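J.: Structure below; questions to follow.
2 protein chains.
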Amino acid sequence: MARIVLKFGGTSVGDVDRIKGVADRIERLVNEGNQVGVVVSAMAGVTNDLVKKTEAVAPLQDAAEYDTVVASGEQVTVGLLAMALEDRGIPARSWLGWQIPIHTDDAHGKARIQDVATENLEAALDRGEVLVVAGFQGMGPDGRITTLGRGGSDTSAVALAAAVQADRCDIYTDVDGVYTTDPRIVSGARKLERVTYEEMLEMASLGAKVLQTRSVGLAMNEGVRLQVLSSFEDVPGTLVCGEDEIVEQQQVSGVTYSRDEAKITLQKVADRPGVAASVFGPLADHHINVDMIVQNISEDGQSTDLTFTVGDADLDRAVQILQDQKNALGYAEIVPDRNVVKVSVLGVGMRSHAGIAQTMFRTLAEKGINVQVISTSEIAVSVLVGEDYTELALRALHHAYGLDSA
Amino acid sequence: MARIVLKFGGTSVGDVDRIKGVADRIERLVNEGNQVGVVVSAMAGVTNDLVKKTEAVAPLQDAAEYDTVVASGEQVTVGLLAMALEDRGIPARSWLGWQIPIHTDDAHGKARIQDVATENLEAALDRGEVLVVAGFQGMGPDGRITTLGRGGSDTSAVALAAAVQADRCDIYTDVDGVYTTDPRIVSGARKLERVTYEEMLEMASLGAKVLQTRSVGLAMNEGVRLQVLSSFEDVPGTLVCGEDEIVEQQQVSGVTYSRDEAKITLQKVADRPGVAASVFGPLADHHINVDMIVQNISEDGQSTDLTFTVGDADLDRAVQILQDQKNALGYAEIVPDRNVVKVSVLGVGMRSHAGIAQTMFRTLAEKGINVQVISTSEIAVSVLVGEDYTELALRALHHAYGLDSA
Chain P
466 MARIVLKFGG
476 TSVGDVDRIK
486 GVADRIERLV
496 NEGNQVGVVV
506 SAMAGVTNDL
516 VKKTEAVAPL
526 QDAAEYDTVV
536 ASGEQVTVGL
546 LAMALEDRGI
556 PARSWLGWQI
566 PIHTDDAHGK
576 ARIQDVATEN
586 LEAALDRGEV
596 LVVAGFQGMG
606 PDGRITTLGR
616 GGSDTSAVAL
626 AAAVQADRCD
636 IYTDVDGVYT
646 TDPRIVSGAR
656 KLERVTYEEM
666 LEMASLGAKV
676 LQTRSVGLAM
686 NEGVRLQVLS
696 SFEDVPGTLV
706 CGEDEIVEQQ
716 QVSGVTYSRD
726 EAKITLQKVA
736 DRPGVAASVF
746 GPLADHHINV
756 DMIVQNISED
766 GQSTDLTFTV
776 GDADLDRAVQ
786 ILQDQKNALG
796 YAEIVPDRNV
806 VKVSVLGVGM
816 RSHAGIAQTM
826 FRTLAEKGIN
836 VQVISTSEIA
846 VSVLVGEDYT
856 ELALRALHHA
866 YGLDSA
Chain Z
466 MARIVLKFGG
476 TSVGDVDRIK
486 GVADRIERLV
496 NEGNQVGVVV
506 SAMAGVTNDL
516 VKKTEAVAPL
526 QDAAEYDTVV
536 ASGEQVTVGL
546 LAMALEDRGI
556 PARSWLGWQI
566 PIHTDDAHGK
576 ARIQDVATEN
586 LEAALDRGEV
596 LVVAGFQGMG
606 PDGRITTLGR
616 GGSDTSAVAL
626 AAAVQADRCD
636 IYTDVDGVYT
646 TDPRIVSGAR
656 KLERVTYEEM
666 LEMASLGAKV
676 LQTRSVGLAM
686 NEGVRLQVLS
696 SFEDVPGTLV
706 CGEDEIVEQQ
716 QVSGVTYSRD
726 EAKITLQKVA
736 DRPGVAASVF
746 GPLADHHINV
756 DMIVQNISED
766 GQSTDLTFTV
776 GDADLDRAVQ
786 ILQDQKNALG
796 YAEIVPDRNV
806 VKVSVLGVGM
816 RSHAGIAQTM
826 FRTLAEKGIN
836 VQVISTSEIA
846 VSVLVGEDYT
856 ELALRALHHA
866 YGLDSA
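Here you go:
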């Protein structure tokens, strides 16, 4: 007997038949003698519809009311799934965030879980009930409904698994695991049997959208064994686990990319101390994240070019802010560019293997791909290249690191 | 300055524009210096959609899960309306049943309100906030969501008005008041300026579907002044109030009808003590309400005919139960009849005026309408007639009691 937490996303509970399918899957686990907790999202499309209604009613949305509205989607799904289980004779009951309660901070729309109370949940498990838990939602300090941001149901599932000390947490989704790269672009992409928390975290933050970043961080901190599985095919998925559980570590585990990047170059910025602070200070004040930064070597000792990237959605605002400060910053020209992509290679094996970056640059050079900006972390190397080169770069790097399937 | 509770039904908040319209109406009341609480239903059609989903998922529905699902509709409306108010600069916040809390019993699907906690509500009113309260829902003794049954938002509004001692409770709906009879049938039907709680209660239980019966009973007990108004036209509605507030009381205030009736005749039942009990006992055991009853005078001293009415929806079950008991009851024949209608005249003036029933029977006789069964209460006389005579009977009675508009 094991204690298992499952999570099903919106597509997996997208209609009445799929909800019944989820109930079938749970029935099998219960009949095998397992204790089961299940976290569900809103039915596919529901959250988007609700968000549209809030936008139509009030351009300036009250964040607490927004949460009250959008959290209703998960409430419907838990009720329906608990019903479907009861109908099969499986004891079950729905749990909303405030009923458990799942305590969060008061950052409506992107709240963070602070604590999951276990008393009600343990009592229900002792009674032999399946826990049917609404994802994406919690209760703030003032007793109001909060939501955890897009993808928040992954975090709900990991938090539930940690709270009830589940043996594992299975995330059912519309992909069947974590791949070495995007299989829609690279036909030789392989599904990874296992991947470390650290790699998964880098993948999530570098653009692979399998799991919410925060859920992976929480799983790592709490030691929750995460599995990513397909809702629609009965095939093995990918286990996200600690480094010690992975016997033979590759140097590079995957190649990711993110098109959600834009580049800004400030030409002929004065080359003196404090310039970087005066450029990035105003952007930070406006909550614009700057990712990669490169400063060219000054040719004349007087001025230099400063290049950096921001999220695609922030580009126009960032340019406006910097134009407003043109006199203070004293640059000659501002050059924005949306046609860029960030390509990254990553793997915990990098820590012990030299030459990973070298291989990357050589491979790209051989294909005639110009590297515009470079950044590195402990387990990843990223480059910014022209967006047109996305597929070419991915295929070349995937091959160069020996990741192609046989 | 007054303290006012408003209630808007599903049609009145049926889309984003109508929700904005409701916000406009509240804005005017707030700008006039009033304290406002508003109770809203789910947007038109939403509750029916949710009910259909529950039926598709599980034929045997768990009532607590049913409530969890269907209560989500009101949650969306309160969030949207509170947002629309905030967007206009009017302080407001949404309140779900469990947040107030509105305590109910545990009869899921038809729960009764036991108590409305006032601490949160009074504090919010003191802060100058509009209370935006989800109708139809409360919280059971075990902390789960309950719903109050169809039309339950009327009861929510009256309970809120009683709890915060509102000066009045305005029920906005898709009709513009209470009429002397159904204006779709009798062109001379008049809107009543005022009607007593007792009359409104009789009207509701006799088939007029303006307000949920339970809400009228609660308003009577708590002395809440109820007003029924149109959401779509700015015209005076009908005030439901105590008898002392009505200066010149008519003998008859209205003529109602209900097609939701079916007649059963048991022919040649033994005419001895205890027969009625042995007929109606099994029906009561199966929760079938019997309304009107008439027993003919025995012709031979041995046997008699017993006629009574049940709800249309219960007819088949009632006939089945009585057929199963045929030997025990010893009747000759059972004759069911769906083609009947109950027509009633009512008014608190009946208490002090004789001859009301007399006028009714004479009027019907003059039109050649055969009265099959008669029943009376303190302020109403009802007759069962053939369904084909519905319109004829209503028009004749409306005219006979001088109710036609000039």
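Protein sequence lines, in the order shown, are assigned to chains P and Z. Under this note's numbering, think of the first position of the first sequence as 466, with each following residue one higher. Under this note's numbering, think of the first position of the second sequence as 466, with each following residue one higher. All C-beta atoms in this analysis are idealised placements derived from N, C-alpha and C, irrespective of residue type, glycine included. Please read all numbers here as calculations on a predicted model, not as lab measurements.
Along the chain, where does the alpha helix (DSSP H) that runs through residue 695(P) open and close?
T.: Residue 695(P) -> not in any alpha helix (DSSP H); beta strand (DSSP E) instead, spanning 691-695.
J.: Looking only at its chain, what residues have a beta carbon closer than 7 angstroms to the beta carbon of residue 790(P), apart from the 5 residues adjacent to it on each side?
T.: The answer, listed in chain order, is 747.
J.: List, from N- to C-terminal side, the alpha helix (DSSP H) runs of 4 residues or more that fit wholly inside the region 526-604 of chain P.
T.: Counting only runs of 4 or more, we get 528-535, 537-552 and 584-591.
J.: Here's the rule I'm using: 16 or more other beta-carbon atoms within 10 Å means buried, otherwise exposed. How should residue 818(P) be labelled?
T.: Counting Cβ neighbours within 10 Å, residue 818(P) comes out exposed, since fewer than 16 surround it.
J.: Can you find a CB in chain P that lies within less than 8 angstroms of the CB of residue 566(Z)?
T.: Output row for residue 566(Z): interface = no.
J.: Could you tell me whether the region 541-555 of chain P touches the region 553-564 of chain Z, where touching means 3 or more Cβ pairs closer than 8 angstroms?
T.: The region 541-555 of chain P, when compared against the region 553-564 of chain Z, does not touch it at the 8 angstroms Cβ threshold.
J.: Output the distance between the C-alpha atoms of residue 472(P) and residue 664(Z), rounded to the nearest integer angstrom.
T.: Going from the Cα of residue 472(P) to the Cα of residue 664(Z) covers about 54 angstroms.
J.: Hey, which unbroken runs of the beta strand (DSSP E) at 3 residues or more fall wholly within the region 635-683 of chain P?
T.: Counting whole runs of 3 or more residues, the region 635-683 of chain P contains the beta strand (DSSP E) stretches 659-661.
J.: How far does the beta strand (DSSP E) with residue 807(Z) in it extend, from its first residue to its last?
T.: Segment 805-811, the beta strand (DSSP E) holding residue 807(Z).
J.: Kindly list, in the order they appear in chain Z, the residues whose Cβ is closer than 7 angstroms to that of residue 484(P).
T.: Those are 522, listed as they occur along chain Z.
J.: Let me know if residue 615(P) comes out buried or exposed under the rule of 16 or more other beta-carbons within 10 Å of its beta-carbon.
T.: Classification for residue 615(P): exposed.
J.: Anything in the region 772-797 of chain P with a Cβ closer than 9 angstroms to a Cβ of chain Z? List those residues in chain order, please.
T.: Hits within the stretch: zero.
J.: Relative to the C-alpha of residue 563(P), which residue among 609(P), 590(P), 656(P) and 760(P) is closest?
T.: For the residues 609(P), 590(P), 656(P) and 760(P), the minimum Cα distance to residue 563(P) belongs to 609(P).
J.: Would you tell me roughly how many angstroms separate the C-alpha atoms of residue 475(Z) and residue 524(P), rounded to the nearest one?
T.: Distance between the alpha carbons of residue 475(Z) and residue 524(P): 23 angstroms.
J.: Can you give me the C-alpha to C-alpha distance between residue 741(Z) and residue 798(Z), rounded to a whole angstrom?
T.: Spanning the two alpha carbons is a distance of roughly 16 angstroms.
J.: Would you list the residues sitting across from residue 723(Z) in a DSSP beta bridge?
T.: Residue 723(Z) pairs with 807(Z).
J.: Along the chain, where does the beta strand (DSSP E) that runs through residue 847(P) open and close?
T.: Element bounds for residue 847(P): 845-851.
J.: With DSSP collapsed to three states, give me the class of residue 750(P).
T.: Here residue 750(P) sits in helix by DSSP.
J.: Buried or exposed for residue 807(Z), going by 16 or more other Cβ atoms inside 10 Å?
T.: Burial call: buried.
J.: Give the straight-line distance between the Cα atoms of residue 755(Z) and residue 774(Z), rounded to the nearest whole angstrom.
T.: About 6 angstroms.
J.: Could you list which residues in chain Z have their beta carbon closer than 9 angstroms to that of residue 543(P), in chain order?
T.: Ordered by position in chain Z, the residues that pass the 9 angstroms Cβ test against residue 543(P) are 530, 533 and 534.
J.: Using a Cβ cut-off of 7 angstroms, which residues of the region 603-629 of chain Z contact any Cβ in chain A, in chain order?
T.: Structure shown: chain A not included; protein chains present are P and Z.
J.: Specify the secondary structure class of residue 756(Z) as computed by DSSP and reduced to three states.
T.: If DSSP states are grouped into helix, strand and coil, residue 756(Z) belongs with the strands.
J.: From which residue to which residue does the alpha helix (DSSP H) around residue 618(P) run?
T.: Start and end: 617-628.
J.: Could you compute how far the alpha carbon of residue 572(Z) sits from the alpha carbon of residue 482(Z)?
T.: If you take the alpha carbons of residue 572(Z) and residue 482(Z), they lie about 35 angstroms apart.
J.: What does DSSP give as the partner residues of residue 502(P) in its beta bridges?
T.: The partner list for residue 502(P) (beta bridge, DSSP) reads 470(P) and 596(P).
J.: Closer than 8 angstroms by C-beta to residue 805(Z): which residues in its own chain qualify, once you throw out the five before and the five after it? Chain order, please.
T.: Answer for residue 805(Z): 726, 727, 728, 774, 837, 849, 850, 851 and 852, listed in chain order.
J.: Report the option in 478(Z), 652(Z) and 689(Z) whose CA atom is closest to the CA atom of residue 600(Z).
T.: If we check each option's Cα against that of residue 600(Z), 478(Z) comes out closest.
J.: Relative to the C-alpha of residue 842(P), which residue among 534(P), 821(P), 467(P) and 628(P) is closest?
T.: If we check each option's Cα against that of residue 842(P), 821(P) comes out closest.
J.: Express the C-alpha separation of residue 550(P) and residue 487(P) in angstroms, rounding to a whole number.
T.: Rounded to whole angstroms, residue 487(P) to residue 550(P) spans 9 angstroms at the Cα level.
J.: Check whether the Cβ atoms of residue 814(P) and residue 677(P) sit closer than 8 angstroms, and answer yes or no.
T.: Not a contact, by the Cβ cut-off of 8 angstroms.
J.: Flag this pair as yes or no: are the beta carbons of residue 683(P) and residue 734(P) separated by less than 8 angstroms?
T.: Cβ atoms of residue 683(P) and residue 734(P): not closer than 8 angstroms.
J.: Could you check whether residue 810(P) and residue 717(P) sit closer than 8 angstroms to each other, using their CB atoms as the reference points?
T.: It is a contact, given that the beta carbons lie within the stated cut-off.
J.: With C-beta atoms as the reference, is residue 689(Z) less than 8 angstroms away from residue 595(Z)?
T.: Result no, Cβ atoms of residue 689(Z) and residue 595(Z) do not sit closer than 8 angstroms.
J.: For residue 858(P) and residue 803(P), what's the separation of their Cα atoms in angstroms?
T.: Taking the straight line joining both Cα atoms gives about 18 angstroms.
J.: Taking 8 angstroms as the cut-off, does the region 623-641 of chain Z touch the region 689-704 of chain Z (at least 3 CB pairs, one atom from each stretch)?
T.: The region 689-704 of chain Z, when compared against the region 623-641 of chain Z, does touch it at the 8 angstroms Cβ threshold.
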